[in-house]
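Asks: Please see the structure below; I have some questions.
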Amino acid sequence: MSDASPESFVYAITDDIPKFDIGHKIPKPTHNDVEALLVSYRPNKIKTTDIELNITLTDDKPIYHSPRRCQKTIPRNGSNIQEVLNSTFQRSINTTPFELLFGTQINNKTNLRIQQLIDEQLQLEFNENRELLRKAAKAQIIKVQNENKKSYNLRRKSPSLYSVMDLVAIKRTQHELGQKLCNKFIGPYKITQVKLNDTYNVEKCGNFDGPTKTSTCEEYLKPWTHK
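Quick note on numbering: the sequence shown equals residues 102 to 328 in my numbering.
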């Protein structure tokens, strides 16, 4: 029995008389012993049952399976491998087999041109969405500014207009110790330049504490009434 391989035994069993085909590669003495053992075998107990066993041969499961260690790297079908081979440049024909047969490059999910077009489309959509977001933010800022302007001008007095060489008093903005009881406005100051948004450049006229030259707005100015 040690010389026999698993492929040497082919059993053909029928209902009437069992027949055994052991094969011709086994030595004659071993062949006779195995045949006598199989013929003389009788089961110790036989029990009948109503269960029927039907064996149906189908081709759902392939007879070939990928190796256990290569299932993650080797595809189960050869279409991907064939696609790579057809799209690979070959020096002997100076092109790819697919382009030689159809006259154009193969288009697949790994095509660099398709990936480039997808990236450009994504970048374009990103820029469009960002531009829409900026326009919406700009419109919201203008809306809030108009509301603030309306509420500010509702109670604001009309500004007083001054000309060059007018004498004015300016509000004290530099506070020091001991000036709590001092006047809030100091002067006189002479207006030297009229600027936009009701702002003026002024210059000190006289000898008193205060900046020699400064720039201030209409809200911090008062007409000089002292002679």
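By construction, the Cβ of each residue, glycine as well, lies at the ideal position given by its N, Cα and C atoms.
Which residues mark the beginning and the end of the beta strand (DSSP E) in which K291 is found?
Replies: Where K291 is concerned, the enclosing beta strand (DSSP E) stretches over 286-296.
Asks: Considering T131, what are the terminal residues of the alpha helix (DSSP H) in which it resides?
Replies: Segment 129-141, the alpha helix (DSSP H) holding T131.
Asks: Is it buried or exposed for L278, if we count other Cβ within 10 angstroms and need 16 for buried?
Replies: With fewer than 16 other Cβ atoms within 10 Å, it is exposed.
Asks: Assign G265 to buried or exposed, taking buried as 16 or more other Cβ atoms, counted over all protein chains shown, within 10 Å of its Cβ.
Replies: Checking the sequence, you will find Val at residue 265 rather than Gly. Label assigned to V265: exposed.
Asks: With H, G and I counted as helix, E and B as strand and the rest as coil, what does DSSP make of I271?
Replies: I271 falls in the strand class under three-state DSSP.
Asks: Assign K314 to one of three DSSP states: helix, strand, or coil.
Replies: If DSSP states are grouped into helix, strand and coil, K314 belongs with the strands.
Asks: Is there contact here, the segment 247-258 with the segment 282-298, by at least three beta-carbon pairs under 8 Å?
Replies: Segments in contact, no.
Asks: Return helix, strand or coil for L322, following the three-state DSSP convention.
Replies: DSSP places L322 in strand when its eight states are reduced to three.
Asks: Take I287 as the anchor and find which of E200, I147, F309, R231 has the nearest alpha-carbon.
Replies: For the residues E200, I147, F309, R231, the minimum Cα distance to I287 belongs to F309.
Asks: What residue from S141, K239, Q183, P324 has the CA that sits closest to D267's CA?
Replies: Measuring from the Cα of D267, the nearest candidate turns out to be P324.
Asks: Determine the burial state of V185: buried for a count of at least 16 other Cβ atoms within 10 Å of its Cβ, exposed for fewer.
Replies: V185 should be labelled exposed.
Asks: Which class does Y263 belong to by DSSP, given the choice of helix, strand or coil?
Replies: Coil.
Asks: Can you grab the Cα-Cα spacing for the pair N208 / L223, in whole Å?
Replies: Going by the C-alpha atoms only, they are around 20 Å apart.
Asks: Taking the beta strand (DSSP E) that E304 belongs to, which residues open and close that run?
Replies: Segment 300-305, the beta strand (DSSP E) holding E304.
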